[in-house]
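S.K.:
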């Protein structure tokens with residue numbers, strides 16, 4: 304059976320890490336001069352040696368982004384449906400061992416959230432839940448999708464990993480995109496961060512994008528949580544995963560996210576600190592390596608950082624986000640997954656994008672890249 308597991312097992316975490324940190328300035332210059340970048344070049348561009356070439360990388364990333372995506376930035380918004388979760392994750396506010404009030408939105412509450420989101424102008428929504436199969440499983444998802452489909456032309460989901468047949472059902476119901484993050488590709492330490500629950504199964508999660516690809520989903524979002532382990536090594540394995548998926552499920556489109564650990568209820572401190580400069584280097588490296596992939600940034604990041612990042616490769620950005628179920632209707636309720644940093648409204652973000660010479664787009668890329 305086709306699976307990224309085989310590709311993953313052919314690499315050693317320690318060997319990859321050593322290779323990244325052994326790159327030289329000459330390696331960076333050679334990689335930047337190539338017209339076609341390889342995974343080896345990506346490894347070079349995220350290395351410490353490449354940090355001295357950040358200005359050149361930023362200029363190259365800016366040119367590539369304008370060429371492929373024009374001067375448009377897609378806006379999206381998350382709709383948190385539930386904070387129920389059966390996993391213990393040491394970095395997440397929804398973790399099972401956190402003594403927070405649990406809430407799952409009913410139909411009336413969902414429609415109130417939808418009304419507010421539509422009032423902001425959104426036609427693209429991301430449905431998010433904790434991972435609790437019994438409380439928020441396929442039956443619940445089907446009810447929600449049927450309820451909100453008339454209001455949105457594009458619905459994405461970020462929920463627990465499912466089976467191939469279930470992803471096919473979601474696709475048939477009109478789901479366009481599935482996001483699933485490995486969190487960390489370090490098998491040796493993965494269980495330290497996920498000690499209990501289905502999410503603790505490293506390989507089941509690792510093979511989730513394969514199941515999504517086999518289901519024929521239109522778009523698939525990948526990423527890791529920067530700060531759990533060495534960010535450079537984790538990012539290489541993310542790029543390796545993307546490269547495998549693009550070659551195996553070539554009809555599917557792909558997006559990448561690169562969230563840094565944010566404060567949350569009982570959350571751990573980052574093991575690997577990712578500075579703003581580091582994150583800019585990573586964004587530019589992804590854009591130079593892969594001109595087609597969409598790069599998405601959430602409200603985890605600061606106002607100043609987000610304002611500048613859209614010129615360096617970011618093609619999709621959230622705005623006016625709430626990370627708790629019912630957060631748009633009751634913004635003061637403390638049930639959130641993590642603390643956001645950029646609290647500006649969708650209108651303010653739209654105006655910022657325009658001030659940078661870009662055009663904010665509220666629908667999916669299909670309406671842009673015709």
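Residue numbers (the working numbering): 304 to 673.
A virtual CB, placed ideally from N, CA and C, is assigned to each residue, including glycine.
Contact defined as beta carbons within less than 8 Å: I believe residue 647 pairs with residue 622. What is the distance between those atoms, to the nearest angstrom?
M.R.: Confirmed, about 7 Å.
S.K.: Sort out for me which residues DSSP pairs residue 379 with in a bridge.
M.R.: Answer is 621.
S.K.: Please list the segments of the beta strand (DSSP E) lying wholly inside the region 443–511, counting only runs of 3 or more residues, in order along the chain.
M.R.: 457–461, 480–482
S.K.: In angstroms with no decimal places, state the Cα-to-Cα distance between residue 684 and residue 388.
M.R.: Summary: the structure shown does not reach residue 684, with the chain confined to residues 304 through 673, and so no result is reported for it.
S.K.: Is DSSP giving residue 431 helix, strand or coil here?
M.R.: strand
S.K.: Are the beta-carbon atoms of residue 656 and residue 613 separated by less than 8 Å?
M.R.: Contact flag set, yes.
S.K.: Which residues mark the beginning and the end of the beta strand (DSSP E) in which residue 523 is found?
M.R.: 522–526
S.K.: If you compare alpha carbons, which of 306, 662, 312 is closest to residue 488?
M.R.: 312
S.K.: For residue 306, which residues in the same chain have their Cβ closer than 6 Å to its Cβ, ignoring the five residues on either side in sequence?
M.R.: 510, 513
S.K.: Based on the DSSP secondary-structure assignment, which residues constitute the bridge partners of residue 355?
M.R.: In the DSSP output, where bridge partners are listed per residue, residue 355 has none listed.
S.K.: Which same chain residues, not among the five before or five after residue 308, have their C-beta less than 7 Å away from its C-beta?
M.R.: 506, 509, 510
S.K.: Could you check what DSSP says for residue 406 in three-state terms: helix, strand or coil?
M.R.: coil
S.K.: Given residue 670, which residues of its chain have a CB within under 7 Å of its CB, disregarding the five upstream and five downstream residues?
M.R.: Low local confidence applies: a pLDDT of 40 at residue 670 is under 50, so the model's placement there is unreliable, and no value is given.
S.K.: Within its chain, find whatever has a CB closer than 8 Å to the CB of residue 357; leave out the 5 residues flanking it on each side and keep chain order.
M.R.: 580, 583, 584, 587
S.K.: Count the other CB atoms, across all protein chains shown, that sit within 10 Å of the CB of residue 355; report buried if there are 16 or more and exposed otherwise.
M.R.: exposed
S.K.: Taking Cβ to Cβ, would you say residue 376 is nearer than 8 Å to residue 618?
M.R.: yes
S.K.: Identify the continuous alpha helix (DSSP H) that holds residue 331 and give its terminal residues.
M.R.: 328–336
S.K.: Would you say the region 456–468 touches the region 408–423, given that touching needs at least three Cβ pairs under 8 Å?
M.R.: no
S.K.: Going by the beta-carbon positions, is the gap between residue 627 and residue 383 smaller than 8 Å?
M.R.: Yes, Cβ-Cβ distance for residue 627 and residue 383 is below 8 Å.
S.K.: How big is the Cα-Cα spacing for residue 374 and residue 515?
M.R.: Roughly 30 Å separates the two Cα atoms.
S.K.: Taking a contact to mean a Cβ-Cβ separation below 8 Å, would you say residue 604 touches residue 371 in this structure?
M.R.: In this structure, the beta-carbon distance from residue 604 to residue 371 does not fall below 8 Å.
S.K.: Pull up the distance between the alpha-carbon of residue 674 and that of residue 451, whole angstroms please.
M.R.: For the chain, the structure presents residues 304 to 673; residue 674 sits outside this window and is missing.
S.K.: One question on the structure: do residue 498 and residue 528 come within less than 8 Å of each other, judged by their Cβ atoms?
M.R.: no
S.K.: Which of the three DSSP states is assigned to residue 420 in this structure?
M.R.: Helix, per DSSP.
S.K.: So, for residue 609: in the same chain, excluding its five sequence neighbours on each side, which residues have a beta-carbon less than 7 Å away from its beta-carbon?
M.R.: 600, 620, 645
S.K.: State the CB to CB distance for the pair residue 331 and residue 352, rounded to an integer number of angstroms; the pair is presumed to be in contact (CB under 8 Å).
M.R.: 5 Å
S.K.: Helix, strand or coil for residue 604, going by three-state DSSP, please let me know.
M.R.: coil
S.K.: Could you give the distance in angstroms between the alpha-carbon of residue 349 and the alpha-carbon of residue 616?
M.R.: 15 Å
S.K.: I need the boundaries of the beta strand (DSSP E) containing residue 559, first residue and last residue.
M.R.: 556–560
S.K.: Taking the alpha carbon of residue 420 as the point to measure from, which residue in 504, 574, 366, 650 has its own alpha carbon closest?
M.R.: 650
S.K.: State buried or exposed for residue 327, treating a residue as buried only when at least 16 other CB atoms are found within 10 Å of its CB.
M.R.: exposed
S.K.: Please report the Cβ distance between residue 385 and residue 439, rounded to the nearest whole angstrom; I am assuming they are in contact, meaning their Cβ atoms lie under 8 Å.
M.R.: 5 Å
S.K.: Drop a sphere of 10 angstroms on the beta-carbon of residue 446, count the other beta-carbons inside from all chains shown, and report buried for 16 or more, exposed for fewer.
M.R.: exposed
S.K.: How far does the alpha helix (DSSP H) with residue 387 in it extend, from its first residue to its last?
M.R.: Unbroken run through residue 387: none, as it is neither H nor E.
S.K.: For residue 494, which option in 521, 473, 531 has the closest C-alpha, if you only look at C-alpha atoms?
M.R.: 531
S.K.: Measure the CB-CB distance between residue 423 and residue 367 and report whether it falls below 8 Å.
M.R.: no
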